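Asker:
Chains as they are written, first to last, in this note's numbering: chain A, 299 to 597; chain B, 918 to 1245.
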């Protein structure tokens, strides 16, 4: 996989479970499981991240790149007060005094919309609700004003009305702080509102990438098209949803050629034999498909 | 509606919960479902939406008496189910089945798919021969999109979507009239979700089946249901035809819920003025006085704290429980 993120840009990464969207960013952060390995190169403002010793990586993780996860409860330490989990970062990375760190942390909690932040600062994670915990996670991620925030399914565990609050918050932070945001999600609706560019993943690879409006208006990879058409929509009613037949492939036994060929409605001989490379087909857009354009009427 | 299959009247499910320390223990009722009424016609799908803790799953279970209701009536084809003894209830259950959210967890890992699907059949038709039962299982497997030759496999050999098909096949084998679907697609990937939704809709058409479709996903519910019931903290907020509910929601909560759903259309999503609700669900143990939604409602006034809003019929088939629905 190869891609780049510009300063202040928001990139949506879409894929089903097992498409590798989380592993991709865990590997960049040096957080892969012990039996995982990654090769290639990942650079932050020109500095190589892969293979960096943990010491140096810790000067980058949480400082210049921060990551938030789907389940805020499992990513916060249940034994430590929120205050401790926040000030520790500032004292460690920014060399602030305890007093300064407290002041800065409380200000951030207020910024992410935690009411009565000062009086709740010394509570434990379980004393917050799910939505509030996600806000705390976001505040922790923002402590060192990272240039890049990676949000891995940040709203999947939340109710719709709370999801709306968190999405609104991310949008506002992006506007105010100008940081780049990677939003990893399976929900096309979430990407539509928050991202400028979209990357669609399937079976561990990028299948299509481009500006959000272009991709939603005219997807050019059969998988993207299938995803968009199989999503029920609130604003329009269709009789039957068009489905993608079959199921995501087993990554241990990928089919030869294009990984999507056994589910693709436009498959032809070449797809069985040859894996399509990711190639540009229009300004700012790439896809991995042997077809130059989807058949007319496919949209 | 001329004919009614199921009619639920003022259903209540309360769980007594111990609060306070050892010496000052009190029992507080947790009102999981409180005063819910609706009907389902043969061949109709009623969607039930609401956020976590609104009582939608409890409602589904109470209708089948998998949980004993605390009050109210569940009338099945003219007969009050709550008055039935266990044996009579068991006989009725063959006409009403349930499909659960977690496809793998709801299947016994030590049983073959054939045995899992045949179990209701053996329970309700014990005199059926083994060969006949196998034939019925193969038949329903084919109808639910499973390969009949997989009959001797175990659940772990199937993917999530296929496990959900097994769950649907097990529910369908007795040819029921109602299936309660409790978040049947929430655990599935987008591309698989659509397959299960289409399967349920096809079965419903072919067998004139009624569905009580419970989900937190408004888009899915809107797609599959003819009518939609909106719950909040165990209470009915609104009940209407699904197109009307989406076009003209009359309850502030329904309106906020619809506006909160992200739509996969970038231009529309950016232009949208979201009605972001403040706050979060109050504790069901200590619900607000009056209207339970008032603490998050943008329209709340003094009467909302004082009086529980009645469920008003604002036009044929459209009910709202709000003091200020005329202003929404």
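From the three backbone atoms N, C-alpha and C, an ideal C-beta is built for every residue, glycine too. Values in this document were obtained by computation on a predicted structure and should not be read as measured data.
Roughly how many angstroms separate the alpha carbons of residue 1027 (chain B) and residue 1084 (chain B), rounded to a whole number?
Answerer: As a working note, residue 1027 (chain B) is residue 110 in the second chain. As a working note, residue 1084 (chain B) is residue 167 in the second chain. The alpha-carbon atoms of residue 1027 (chain B) and residue 1084 (chain B) are separated by roughly 15 Å.
Asker: Going by C-alpha distance, which of A:447, A:463 and A:503 is nearest residue 643 (chain A)?
Answerer: As displayed, chain A neither begins before 299 nor continues past 597, which places residue 643 (chain A) out of reach and without an answer.
Asker: Between residue 582 (chain A) and chain B, is the shortest Cβ-Cβ distance under 8 Å, so that the two count as touching?
Answerer: Position 284 of the first chain holds residue 582 (chain A). It does not: the Cβ of residue 582 (chain A) has no partner Cβ on chain B nearer than 8 Å.
Asker: Using the C-alpha atoms, what's the distance from residue 1235 (chain B) back to residue 548 (chain A)?
Answerer: Sequence index remark: in the first chain, residue 548 (chain A) carries index 250 (1-based). Sequence index remark: in the second chain, residue 1235 (chain B) carries index 318 (1-based). Cα to Cα, the separation comes out at about 47 Å.
Asker: How close, in whole Å, do the beta carbons of residue 1089 (chain B) and residue 1030 (chain B) come, if the pair is a contact with beta carbons under 8 Å?
Answerer: Here residue 1089 (chain B) is taken as the residue at index 172 of the second chain, counted from 1. Here residue 1030 (chain B) is taken as the residue at index 113 of the second chain, counted from 1. With a Cβ gap of about 14 Å, residue 1089 (chain B) and residue 1030 (chain B) do not count as contacting.
Asker: Is it true that the CB of residue 1174 (chain B) sits closer than 8 Å to the CB of residue 1137 (chain B)?
Answerer: Counting from one through the second chain, the residue named residue 1137 (chain B) turns up at place 220. Counting from one through the second chain, the residue named residue 1174 (chain B) turns up at place 257. No, the pair does not count as a contact, with Cβ atoms beyond the cut-off.
Asker: I'd like to know whether the C-beta atoms of residue 955 (chain B) and residue 963 (chain B) end up nearer to each other than 8 Å.
Answerer: Reading the second chain from its first residue, position 38 is the one you call residue 955 (chain B). Reading the second chain from its first residue, position 46 is the one you call residue 963 (chain B). Yes, they are a contact pair.
Asker: Determine which residues of the stretch 431 to 446 of chain A have a Cβ less than 9 Å from any Cβ of chain B, and write them out in chain order.
Answerer: none
Asker: I need the straight-line Cα distance from residue 301 (chain A) to residue 521 (chain A), nearest angstrom please.
Answerer: Stepping through the first chain from its first residue, residue 301 (chain A) is reached at position 3. Stepping through the first chain from its first residue, residue 521 (chain A) is reached at position 223. In a straight line, the C-alpha of residue 301 (chain A) is about 19 Å away from that of residue 521 (chain A).
Asker: When you compare only the Cα positions, how much space is there between residue 340 (chain A) and residue 1157 (chain B)?
Answerer: Position 42 of the first chain, counting from 1, holds the residue named residue 340 (chain A). Position 240 of the second chain, counting from 1, holds the residue named residue 1157 (chain B). Whole-angstrom Cα-Cα distance: 53 Å.
Asker: Starting from residue 935 (chain B), trace the beta strand (DSSP E) both ways and give me its first and last residue.
Answerer: Within the second chain, numbered from 1, the residue matching residue 935 (chain B) stands at position 18. First-last of the beta strand (DSSP E) with residue 935 (chain B): 923 to 936.
Asker: Pairing CB atoms from the stretch 1213 to 1225 of chain B with CB atoms from the stretch 1001 to 1019 of chain B, are three or more of them under 8 Å?
Answerer: no
Asker: Can you tell me the Cα-Cα spacing of residue 579 (chain A) and residue 506 (chain A), whole angstroms?
Answerer: For this step, residue 579 (chain A) is matched to residue 281 along the first chain. For this step, residue 506 (chain A) is matched to residue 208 along the first chain. So the alpha carbons of these two residues sit roughly 10 Å apart.
Asker: Does the structure place the stretch 495 to 515 of chain A close enough to the stretch 582 to 594 of chain A that three or more beta carbon pairs sit under 8 Å?
Answerer: The stretch 582 to 594 of chain A vs the stretch 495 to 515 of chain A: in contact.
Asker: Are residue 410 (chain A) and residue 437 (chain A) touching if we call contact CB-CB under 8 Å?
Answerer: Mapped onto the first chain, residue 410 (chain A) falls at position 112. Mapped onto the first chain, residue 437 (chain A) falls at position 139. For residue 410 (chain A) and residue 437 (chain A), yes; Cβs fall inside 8 Å.
Asker: For chain A, find out if any of its Cβ atoms is closer than 8 Å to the Cβ of residue 937 (chain B); answer yes or no.
Answerer: Working through the second chain from its first residue, we reach residue 937 (chain B) at position 20. Cβ-Cβ to chain A under 8 Å: no for residue 937 (chain B).
Asker: Quick one: list the residues of chain B neighbouring residue 514 (chain A), beta-carbon separation under 9 Å, in chain order.
Answerer: Residue numbering aside, residue 514 (chain A) sits at position 216 when the first chain is read from its first letter. The answer, in chain order, is 1181, 1182, 1183 and 1184.
Asker: Measuring CB to CB, does residue 478 (chain A) end up less than 8 Å from residue 310 (chain A)?
Answerer: Working through the first chain from its first residue, we reach residue 478 (chain A) at position 180. Working through the first chain from its first residue, we reach residue 310 (chain A) at position 12. Cβ atoms of residue 478 (chain A) and residue 310 (chain A): not closer than 8 Å.
Asker: What's the gap between the Cα of residue 1050 (chain B) and the Cα of residue 1193 (chain B)?
Answerer: If you number the second chain from 1, residue 1050 (chain B) lands on position 133. If you number the second chain from 1, residue 1193 (chain B) lands on position 276. Their backbone Cα atoms lie some 53 Å apart in a straight line.
Asker: Please identify the residue among B:1172, B:978 and B:1071 whose C-alpha is closest to the C-alpha of residue 1250 (chain B).
Answerer: Within the shown structure, residues of chain B are numbered from 918 to 1245, placing residue 1250 (chain B) beyond reach of any answer.
Asker: When the distance is taken between beta carbons, is residue 352 (chain A) closer than 8 Å to residue 444 (chain A)?
Answerer: Position 146 of the first chain, counted from the start, is the residue given in the question as residue 444 (chain A). Position 54 of the first chain, counted from the start, is the residue given in the question as residue 352 (chain A). Not closer than 8 Å, so no.
Asker: Thinking C-beta only, is residue 1103 (chain B) closer than 8 Å to residue 542 (chain A)?
Answerer: Residue 542 (chain A) sits at position 244 when you count from the first residue of the first chain. Residue 1103 (chain B) sits at position 186 when you count from the first residue of the second chain. Contact flag unset, no.
Asker: Pick helix, strand or coil for residue 1090 (chain B), following the three-state DSSP scheme.
Answerer: On the second chain, position 173 is the one that residue 1090 (chain B) refers to. Looking at residue 1090 (chain B) - three-state DSSP - the assignment turns out to be coil, as it is neither helix nor strand.
Asker: Strictly below 9 Å CB to CB, what residues from chain A border residue 1197 (chain B)?
Answerer: Here residue 1197 (chain B) is taken as the residue at index 280 of the second chain, counted from 1. What residue 1197 (chain B) touches in chain A: 427, 428, 429, 430, 457, 459, 460 and 463.
Asker: Since residue 312 (chain A) contacts residue 483 (chain A) with CB under 8 Å, what's their CB separation in whole angstroms?
Answerer: Mapped onto the first chain, residue 312 (chain A) falls at position 14. Mapped onto the first chain, residue 483 (chain A) falls at position 185. Indeed, because the Cβ distance is near 6 Å, the residues count as touching under 8 Å.
Asker: How is the alpha helix (DSSP H) around residue 569 (chain A) delimited, first residue to last?
Answerer: Looking up residue 569 (chain A) in the first chain gives position 271. First-last of the alpha helix (DSSP H) with residue 569 (chain A): 567 to 571.
Asker: Could you tell me whether the stretch 1053 to 1065 of chain B touches the stretch 1008 to 1015 of chain B, using the rule of 3 or more Cβ pairs below 8 Å?
Answerer: no
Asker: By the 7 Å beta-carbon criterion, what residues does the stretch 1135 to 1156 of chain B contribute toward chain A?
Answerer: 1135, 1136, 1137, 1139 and 1140
Asker: What residues from chain A crowd round residue 1112 (chain B), counting only those whose CB sits closer than 7 Å?
Answerer: Translated into the one-based positions of the second chain, residue 1112 (chain B) becomes position 195. The answer, in chain order, is 541.
Asker: In chain A, which residues lie less than 8 Å from residue 1041 (chain B) when you measure between Cβ atoms?
Answerer: Sequence index remark: in the second chain, residue 1041 (chain B) carries index 124 (1-based). Result: empty, since nearest Cβ-Cβ is about 32 Å, beyond 8 Å.
Asker: In whole angstroms, what is the alpha-carbon distance linking residue 315 (chain A) and residue 330 (chain A)?
Answerer: Your numbering for residue 315 (chain A) matches position 17 in the first chain. Your numbering for residue 330 (chain A) matches position 32 in the first chain. One C-alpha to the other measures close to 17 Å.
Asker: Whole angstroms are fine: how far does the CA of residue 496 (chain A) sit from the CA of residue 1152 (chain B)?
Answerer: By 1-based counting over the second chain, the position of residue 1152 (chain B) is 235. By 1-based counting over the first chain, the position of residue 496 (chain A) is 198. Roughly 40 Å between the two C-alpha positions.
Asker: Tell me, please, whether the stretch 344 to 360 of chain A touches the stretch 368 to 385 of chain A by the rule of three or more beta-carbon pairs shorter than 8 Å.
Answerer: no
Asker: Would you please state the rounded distance, in angstroms, between the beta carbons of residue 892 (chain B) and residue 1117 (chain B)? I believe it to be under 8 Å.
Answerer: Any question about residue 892 (chain B) goes unanswered here, given that chain B covers just 918 to 1245.
Asker: Who are the neighbours of residue 968 (chain B) on chain A, taking C-beta pairs under 7 Å?
Answerer: Translated into the one-based positions of the second chain, residue 968 (chain B) becomes position 51. Ordered by position in chain A, the residues that pass the 7 Å Cβ test against residue 968 (chain B) are 457, 458 and 459.
Asker: Does DSSP put residue 319 (chain A) in a helix, in a strand, or in coil?
Answerer: What you label residue 319 (chain A) is simply residue 21 of the first chain in a count that begins at 1. Three-state result, residue 319 (chain A): helix.
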